[in-house]
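**Q** 0 is the number of the first residue of the sequence shown in numbering that gives the first Met the number 0; add one for each residue after it. Don't be surprised by glycine CBs; every beta carbon is placed ideally from N, CA and C. If you scroll down you'll find the structure; I have some questions about it.
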Amino acid sequence: MSYQDNDIYEINKKIVGEPGSQLMGINILIGNDVYNQIEEDLGDIKEIMLDMESGKVVYAVLSYGGILGIGEKLFAVPWGALTLDTTNKRFILNVKKDQLENASGFDKDNWPDVADPSWKNEI
């Protein structure tokens, strides 16, 4: 799914220039596909987490694998690790698919402790 599919309020039609060049609604980004540079499908964005004190996006929750939510692994991907690909309307993450397969991730009932700096190094 691309951010254009999620643009239910047609926000991007009102933004001058390429989508993502200045501002985008978070709802538009949830559900976007994530690929790496060698065109491997890594999953999609399930959630975007904000630091309520600073107002900045801290990380995106990447869903990898599984079928209909069963067996999927979730990863807290630091926001700065994602690049918006406006040409293909998806995110790019610089990891290989086998790295995600071998990483532990977390499940929807066991979220990481974001106060622990080690969660950033998982991917």
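Would you call the CB atoms of V60 and M48 closer than 9 Å?
**A** Here residue 60 refers to the residue found at position 61 when the sequence shown is read from its first residue. Here residue 48 refers to the residue found at position 49 when the sequence shown is read from its first residue. M48 sits close to V60, with the two beta carbons spaced by under 9 Å.
**Q** Three-state secondary structure (DSSP) at I37?
**A** Position 38 of the sequence shown, counting from 1, holds the residue named residue 37. In this structure, I37 counts as coil in the three-state DSSP scheme.
**Q** Whole angstroms are fine: how far does the CA of N87 sit from the CA of V15?
**A** Numbered from 1 along the sequence shown, position 16 holds the residue referred to as residue 15. Numbered from 1 along the sequence shown, position 88 holds the residue referred to as residue 87. Any reading at V15 is ruled out, since the residue's pLDDT is 49, under 50, leaving its predicted position unreliable.
**Q** Candidates S53, E39, S62, L83: which alpha carbon is nearest I27's?
**A** To locate residue 27, count along the sequence shown from 1; it is residue 28. Selected option, being the one with the closest Cα: L83.
**Q** In this structure, does DSSP put E100 in helix, strand or coil?
**A** In the sequence shown, residue 100 corresponds to position 101, counting from 1. If DSSP states are grouped into helix, strand and coil, E100 belongs with the helices.
**Q** Please name the residue, chosen from L67, A75, E71, E39, that lies closest to E46 on a Cα-to-Cα basis.
**A** Position 47 of the sequence shown holds residue 46. Ranking the options by Cα distance to E46, first place goes to A75.
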